[in-house]
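Down below is the structure, laid out as structure tokens.
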Amino acid sequence: MTHPLITQDLIDSYQKDGVVLIKGLFANHVDTLRDGIAANMAEPGPYASENKKQGETGLFFDDYCNWHRIDQFRDVIKNSPAAEVAADLMQSQTVQMFHDHVLVKEPGTSMATPWHQDGPYYFVEGRQTVSFWSPLDPVKQATLRCVAGSHLWEKEVLPTRWASEDGFFPDEGQYIPVPDPDAEGMKVVEFEMEPGDAVAFNYRTLHGARGNQSDRRRRAFSLRLVGDDARYVERPGRTSPPFPGHDMIPGQRLREDWFPVLLQR
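Residues 550 to 814 in the numbering used here are what the sequence shown lists, from first letter to last.
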């Protein structure tokens, strides 16, 4: 039986387009997530960065892999319906934790989130993946933008470093250059969202976001989960997150002591 937030139409759309809007997924956890982001920004982790290109205004803070040390994030991962909704969308019997990610654009932040797919940065492959992106402030202009159907492309997009725009690792022909979806007439899906709503998208869905030219912050919490077919894969270089010392081998399921199973049906 599916979770009450999920319909068969949503499942079908997720499989076809690689992106859907889940209204109110974290609606009962907005204050908890706001407190968690405040704690994260007060004490950033080792992967935190303040993305800024030369000449850009404002502040674009991001950090990930902090759920182990931030109580509020663990609370939401455990007590929200995210794992059940993920199982429905992925059509998976299991849901396994991958990592959390915080992205904050302060008012007047001109830097856009570049177009990218998450999958090529990660050391996991599989069709059963989902990332939830949930704003903790109302968003219109600075909302997430996704290219429908891009999760089914034959080749993945070359991952790049956001500030420098350099390739994350050498391209030996298995990647395509970062496209310009607006100029190329691709179907871009975006939603006006309230705090606690969530965009659910596949790791291979091309996405990005505009800068935040509004007069309010745009805080967002992302939760990345994987399903039955997710397996460790080696990349041509360093992955992000790196998870040093994981000791996994290609084709192996992610080790459950590091990436716990949140749901087993």
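The beta-carbon is built from N, C-alpha and C at its ideal position, and this holds for glycine as well. A quick note: this is a predicted structure, and the numbers were derived from the prediction, not measured.
- Ranking Glu599, Asn577 and Pro630 by CA distance to the CA of Ile555 puts Pro630 first.
- Close CB contacts of Val569 within its chain, under the 6 angstroms cut and outside five residues either way in sequence, are with Leu559, Ser562, Tyr563 and Ala749 (chain order).
- Rounded to the nearest whole angstrom, the CA to CA distance from Ile586 to His795 is 26 angstroms.
- In the three-state reduction of the DSSP assignment, Ser763 falls in the coil class, being assigned neither a helical nor a strand state.
- Here Tyr596 has Asp612, Tyr613, Cys614 and Pro790 as same chain residues with Cβ atoms under 7 angstroms from its own Cβ, once five neighbours each way along the sequence are excluded.
- Within the model, the alpha-carbon separation for His552 versus Leu811 is close to 15 angstroms.
- Counting only runs of 4+ residues, no alpha helix (DSSP H) is found wholly inside the region 713 to 799.
- For Val782 against Glu674, the beta-carbon gap comes to about 4 angstroms, under 8 angstroms, which counts as contact.
- Looking at the DSSP output, Arg694 bridges to Glu739 and Gly757.
- In this structure the region 572 to 586 does not lie against the region 722 to 739, because fewer than three pairs of beta carbons, one per stretch, are closer than 8 angstroms.
- Beyond the five residues adjoining it in sequence on each side, Glu705 comes within less than 7 angstroms, by CB distance, of Gln666, Gly668, Pro669, Tyr724 and Arg753 in the same chain, given in chain order.
- Contact annotation: the region 752 to 769 touches the region 690 to 706, with at least three C-beta pairs closer than 8 angstroms.
- DSSP, read as helix, strand or coil, puts Asp637 in helix.
- In this structure Glu741 is in contact with Thr692, their Cβ atoms being roughly 7 angstroms apart against a cut-off of 8 angstroms.
- In the three-state reduction of the DSSP assignment, Leu803 falls in the coil class.
- Between Asp686 and Leu772, the C-beta gap is not smaller than 8 angstroms, which leaves the two residues out of contact.
- Note on Met646: 16 or more other CB atoms within 10 angstroms of its CB, so buried under the neighbour-count rule.
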